[in-house]
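Just so you know, this note's numbering puts 78 at position 78 of the sequence shown, and the rest follows in order with no gaps.
We put the beta carbon where it would ideally sit given N, CA and C, even for glycine.
Here the structure is laid out as structure tokens; the discussion comes afterwards.
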Amino acid sequence: MLLRYFKRCGAQTLLCLCVFFAYSKPSESTDVLQAVGKPFVVVIDPGHNPKQPGALGARGIHEVTYNDALSKKLATALQVIGVQVLLTRAATEEISLDGRAELANTQQADLFLALHHDSAQLKYLNKIEVNGALAYETKQPISGYSIFVSKLNPKFSQSYRFAKLLGQEIHALGRLPTLHHAEPIAGENRELLDTNLGIYKFDELLVLRKTIVPAVLLEVGVIVDPVDEKYVADNAKQDAIVQAIVAAVDAFQH
Numbered sequence: 001m002l003l004r005y006f007k008r009c010g011a012q013t014l015l016c017l018c019v020f021f022a023y024s025k026p027s028e029s030t031d032v033l034q035a036v037g038k039p040f041v042v043v044i045d046p047g048h049n050p051k052q053p054g055a056l057g058a059r060g061i062h063e064v065t066y067n068d069a070l071s072k073k074l075a076t077a078l079q080v081i082g083v084q085v086l087l088t089r090a091a092t093e094e095i096s097l098d099g100r101a102e103l104a105n106t107q108q109a110d111l112f113l114a115l116h117h118d119s120a121q122l123k124y125l126n127k128i129e130v131n132g133a134l135a136y137e138t139k140q141p142i143s144g145y146s147i148f149v150s151k152l153n154p155k156f157s158q159s160y161r162f163a164k165l166l167g168q169e170i171h172a173l174g175r176l177p178t179l180h181h182a183e184p185i186a187g188e189n190r191e192l193l194d195t196n197l198g199i200y201k202f203d204e205l206l207v208l209r210k211t212i213v214p215a216v217l218l219e220v221g222v223i224v225d226p227v228d229e230k231y232v233a234d235n236a237k238q239d240a241i242v243q244a245i246v247a248a249v250d251a252f253q254h
């Protein structure tokens with residue numbers, strides 16, 4: 001069942017429309033183990049929000065639109081395999097970065113997964129006009145997915161384990177990672193932990209370092225690249241990506 005959260009007026013307490021069973025918190029040295037009767041809980045975090053919509057793609061569509069669409073599909077697909085799904089926000093709602101991490105921590109989720117769609121540094125982009133509005137596109141192809149984890153997360157080993165499962169499943173679709181985040185320039189220069197699977201260390205990402213549960217951020221594709229944006233906008237490709245994520249979650253919970 002897809003669950004929604006709301007804030008009480010004037011309070012920070014999040015109201016959950018469900019009652020969780022007793023939870024046994026796994027240690028960092030063990031695999032993810034489920035307490036008897038407790039569902040596996042995944043917090044899906046659709047990146048950005050309506051007021052801060054993220055990257056602007058080559059079609060003039062903001063990142064948040066893609067994030068919300070994929071998150072909705074993923075939530076439905078995960079429920080099919082019995083996973084309990086929590087969204088950090090609805091499509092019309094605003095929530096802070098701290099609030100996203102707090103939700104996962106308060107509910108003792110088994111996994112936090114942030115979904116984003118990527119851009120590139122301005123030096124690699126051309127300004128274009130789409131339907132009378134400003135947009136950007138790459139000067140040369142920059143395409144693919146990327147996965148981020150933080151070593152400041154207390155569940156780093158579990159986060160990295162899920163990141164590898166996720167990378168393997170997406171790679172199996174024939175999709176390659178983008179390596180432009182490892183370029184030694186301002187705004188990038190991220191350490192690659194696994195070049196083949198596109199897994200980066202990014203300790204400063206707040207939603208990863210402030211969560212105390214396994215946490216991963218997935219950049220699904222580069223929407224300033226016209227070809228890659230076409231890929232992530234395609235319904236069939238979205239469904240394939242969703243099933244890859246579901247397979248990774250299913251492997252992670254067993």
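*Once you ignore the five residues that flank residue 207 on each side, which residues in its own chain have a CB closer than 8 angstroms to its CB?*
Against the sequence shown, residue 207 aligns to sequence position 207. Counting only Cβ-Cβ distances below 8 angstroms, and skipping sequence neighbours, we find 45, 97, 100, 101, 112, 114, 215 and 217.
*Could you please give me the residues that DSSP links to residue 52 through a beta bridge?*
Walking along the sequence shown from the start, residue 52 turns up at place 52. Looking at the DSSP assignment, residue 52 forms a beta bridge with 49.
_Buried or exposed by the 16-neighbour rule on C-beta atoms within 10 Å, applied to residue 123_ = Position 123 of the sequence shown, counted from the start, is the residue given in the question as residue 123. Its Cβ having fewer than 16 others within 10 Å, residue 123 is exposed.
*Would you list the one or two residues that DSSP bridges to residue 127?*
If you number the sequence shown from 1, residue 127 lands on position 127. DSSP, once it has assigned bridges, lists 136 as partnering residue 127.
_Checking the sheet assignment: what are the DSSP bridge partners for residue 191?_
The sequence position of residue 191 within the sequence shown is 191, counting from 1. Answer is 201, bridged to residue 191.
*Check the C-beta distance from residue 152 over to residue 203 and give it rounded, since I have them as a contact under 8 angstroms.*
Taking the first residue of the sequence shown as position 1, residue 152 is located at position 152. Taking the first residue of the sequence shown as position 1, residue 203 is located at position 203. Yes, residue 152 and residue 203 are in contact; Cβ-Cβ is about 5 angstroms, under 8 angstroms.
*Residue range of the beta strand (DSSP E) that residue 146 falls in?*
If you number the sequence shown from 1, residue 146 lands on position 146. 146-149 is the extent of the beta strand (DSSP E) around residue 146.
_Taking the alpha-carbon of residue 92 as reference, which of 109, 73 and 67 has the nearest alpha-carbon?_
Here residue 92 is taken as the residue at index 92 of the sequence shown, counted from 1. Taking only the C-alpha atoms, the option nearest residue 92 is 67.
*Output yes or no for whether 9 angstroms exceeds the beta carbon distance between residue 109 and residue 43.*
Position 109 of the sequence shown, counting from 1, holds the residue named residue 109. Position 43 of the sequence shown, counting from 1, holds the residue named residue 43. Going by C-beta atoms, residue 109 is nearer than 9 angstroms to residue 43.
*Taking one C-beta from the stretch 180-196 and one from the stretch 243-252 each time, how about it: are there three or more such pairs within less than 8 angstroms?*
Because the criterion of three Cβ pairs below 8 angstroms is not met, the stretch 180-196 and the stretch 243-252 do not touch.
*What separation, rounded to the nearest whole angstrom, lies between the Cα atoms of residue 21 and residue 168?*
For the purposes of this step, residue 21 is taken as residue 21 along the sequence shown, with counting starting at 1. For the purposes of this step, residue 168 is taken as residue 168 along the sequence shown, with counting starting at 1. Note on residue 21: pLDDT 31, under 50, position unreliable in the model; the coordinate value appears next. Each residue's alpha carbon lies about 32 angstroms from the other.
*How long is the line joining the alpha carbons of residue 197 and residue 129, rounded to whole angstroms?*
In the sequence shown, residue 197 corresponds to position 197, counting from 1. In the sequence shown, residue 129 corresponds to position 129, counting from 1. When rounded, the separation of the alpha-carbon atoms in residue 197 and residue 129 is 34 angstroms.
*Tell me, to the nearest whole angstrom, how far the beta carbon of residue 227 is from that of residue 141; I am working on the premise that it is less than 8 angstroms.*
The residue you call residue 227 lines up with position 227 of the sequence shown. The residue you call residue 141 lines up with position 141 of the sequence shown. About 7 angstroms; that satisfies the 8 angstroms criterion.
*Below 9 angstroms between beta carbons: does that hold for residue 105 and residue 60?*
Here residue 105 is taken as the residue at index 105 of the sequence shown, counted from 1. Here residue 60 is taken as the residue at index 60 of the sequence shown, counted from 1. Cβ atoms of residue 105 and residue 60: not closer than 9 angstroms.
*Of all Cβ atoms in chain B, is any one closer than 9 angstroms to the Cβ of residue 182?*
In the displayed structure, chain B is absent; only one protein chain is listed.
*Would residue 80 be called buried (16 or more neighbouring beta carbons within 10 Å of its own) or exposed?*
For the purposes of this step, residue 80 is identified with residue 80 of the sequence shown, where counting begins at 1. So residue 80 counts as exposed.
*Whole angstroms is fine: what's the gap from residue 95's alpha carbon to residue 193's?*
Counting from one through the sequence shown, the residue named residue 95 turns up at place 95. Counting from one through the sequence shown, the residue named residue 193 turns up at place 193. Approximately 30 angstroms between the Cα atoms of the pair.
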